[in-house]
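Peer 1: Residue numbers (the numbering used here), protein chains in the order written: chain A, 1 to 115; chain B, 116 to 228.
Ideal Cβ placement from N, Cα and C applies to all residues, glycine included.
Here the structure is a predicted model, which means the values were calculated and not measured.
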Amino acid sequence: DAGVIQSPRHEVTEMGQEVTLRCKPISGHNSLFWYRQTMMRGLELLIYFNNNVPIDDSGMPEDRFSAKMPNASFSTLKIQPSEPRDSAVYFCASMGGGSYNSPLHFGNGTRLTVT
Amino acid sequence: DAKTTQPTSMDCAEGRAANLPCNHSTISGNEYVYWYRQIHSQGPQYIIHGLKNNETNEMASLIITEDRKSSTLILPHATLRDTAVYYCIVRDGSPSGTYKYIFGTGTRLKVLA
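(1) Going by C-alpha to C-alpha distance, which of A:E83, A:W34, A:F33, A:T13 sits closest to A:R64?
(2) Listed in chain order, which residues of the stretch 45 to 57 of chain A have Cβ atoms closer than 9 Å to some Cβ of chain B?
(3) In whole angstroms, what is the alpha-carbon distance linking B:L166 and B:H192?
(4) So, using beta-carbon positions, are B:L195 and B:E129 closer together than 8 Å?
(5) Flag A:M95 as yes if its beta-carbon sits less than 8 Å from any beta-carbon of chain B, otherwise no.
(6) Measure the C-alpha to C-alpha separation of B:A132 and B:M125 and round it to an integer number of angstroms.
(7) Buried or exposed: where does A:N101 fall if 16 or more other Cβ atoms within 10 Å of its Cβ makes it buried?
(8) Rounding to the nearest angstrom, what Cα-Cα distance links B:L188 and B:P136 in this structure?
(9) Could you name the residues that DSSP lists as bridge partners for B:M125?
(10) Contact check, A:A118 vs A:T13 under 8 Å by CB: the rounded distance?
(11) Per DSSP, which one or two residues make a beta bridge with A:H29?
(12) Starting from the beta carbon of B:R167, find every residue of chain A whose beta carbon is closer than 8 Å, and list them in chain order.
(13) Name, going along the chain, the residues of the stretch 10 to 43 of chain A whose beta-carbon falls closer than 7 Å to a beta-carbon of chain E.
(14) Among B:T220, B:Y216, B:T198, B:G208, which residue has its Cα nearest to the Cα of B:I154?
(15) Per the DSSP calculation, A:Y90 is bridged to which residue(s)?
(16) Could you list which residues in chain A have their beta carbon closer than 9 Å to that of B:T220, in chain order?
(17) Nearest-angstrom Cα distance between A:V53 and B:A228?
(18) Give a single yes or no on whether A:R111 has its beta carbon closer than 7 Å to a heavy atom of the ligand ZN.
(19) A:R22 lies in the beta strand (DSSP E); which residues open and close that run?
(20) Check B:D207 in the structure and name its three-state DSSP category.
(21) Per the DSSP calculation, B:G165 is bridged to which residue(s)?
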């Protein structure tokens, strides 16, 4: 089991640029979550998908943020245009469909720095 | 809003048991208690979860009070590598429940040599 795989591990970009974060969930998991972590706000849930369908995006901060899950093995989180306040660690997590009380499994995150 | 209350920080001597408390006085019947930990710069790591019975796995034990309003995570023999932030989360694990895991601020555990 390779776990949840996120890329890139680090991203440094300039304000105004588009940023795309990528996630490959654990094979067989049918729910996928995007979180953001900052010192000030802790771990915040941005959006989650179930069977590739976005279920709750109420945590997405602004229209600059968008997420897609074109298939069961891949998801992206895009920020366009990026701003310095978007600097954070972004985590992807997945959950198996075998049981409704299954735990989340997290990737190691993408550290985004917007200058 | 997080539905749990945890102490901000705790210290534990290496080799001793670490007992991390969590208050979840408003827990409902379908809500499970989950514990995660986060070691600096890594993704949160799942530890254990339970509904009402005590649970044990290779990492830890989870003790849930009979009224389910609080629980304790026990690391039986803490090591320096257990130094981390520990999160207690409640979530409705029934088929009609939300899939949302809401993280609070957690307990920062420091294991001392």
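Peer 2: To lay it out plainly:
(1) A:E83
(2) L45, Y48, N50, I55, D56
(3) 24 Å
(4) yes
(5) yes
(6) 12 Å
(7) buried
(8) 6 Å
(9) B:L224
(10) A question about residue 118 of chain A goes unanswered here, because the residues of chain A that appear run from 1 up to 115.
(11) A:G96
(12) Looking at the sequence provided, one finds Lys at residue 167 of chain B rather than Arg. Going along chain A, no residue has its Cβ under 8 Å from B:K167, so there is no contact; the nearest lies around 12 Å.
(13) Chain labels in this structure do not include chain E; the protein chains are A and B.
(14) B:T198
(15) A:R36, A:T110
(16) G42
(17) 48 Å
(18) No copy of the ligand ZN appears in this structure; indeed no ligand is present at all.
(19) 19 to 24
(20) strand
(21) B:V148
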